[in-house]
Amino acid sequence: MSKTAFSITIIASIIFMAPAHLANAKNNTAQLDTCNVVWSSQSKDSSESMPVGGGDIGLNVWVENNELLFYIARSGTFDENNEFLKLGRVR
Numbered sequence: 029m030s031k032t033a034f035s036i037t038i039i040a041s042i043i044f045m046a047p048a049h050l051a052n053a054k055n056n057t058a059q060l061d062t063c064n065v066v067w068s069s070q071s072k073d074s075s076e077s078m079p080v081g082g083g084d085i086g087l088n089v090w091v092e093n094n095e096l097l098f099y100i101a102r103s104g105t106f107d108e109n110n111e112f113l114k115l116g117r118v119r
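What follows is the structure, given as structure tokens:
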């Protein structure tokens, strides 16, 4: 198959698949909206925190006594017992 025929085949495939992909994307958005987390009450303590982050730095976030609090953690912070450490608490 020549490069031109191959290119035409790829472009035609993309053109014919695009409408189906766009319709499916709208359905996926509606499904994802049902998974949104909404806090309707305050936490009792840090055990009810929400993990946030990704990659190298992470947070545990919660609201307690009308104050926003979070613990900061970083990957690779272990103590001598190989326990994962939190770097700090912010109020």
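Take the sequence shown: its position 22, counting from 1, is numbered 50 in the numbering used here, and each next residue is one higher.
Ideal placement from N, C-alpha and C gives every residue a C-beta, glycine not left out.
All of these numbers come straight from a predicted model, not from anything done at the bench.
Bounding residues of the beta strand (DSSP E) (the contiguous stretch that carries asparagine 123):
Here the chain has residues from 29 to 119 only, and residue 123 is not among them.
Determine the closest residue to valine 80 out of Ile100, Lys72, Glu95 and Thr62, with distance taken between C-alpha atoms.
With distances taken between Cα atoms, valine 80 lies closest to Ile100.
Classify asparagine 88 as buried or exposed, calling it buried when 16 or more other Cβ atoms lie within 10 Å of its own Cβ.
Burial call: buried.
Closest by CA to isoleucine 126, which one among Asp73, Leu115 and Asn110?
Residue 126 cannot be examined here, being either before or after the span of the chain that is shown, 29 to 119.
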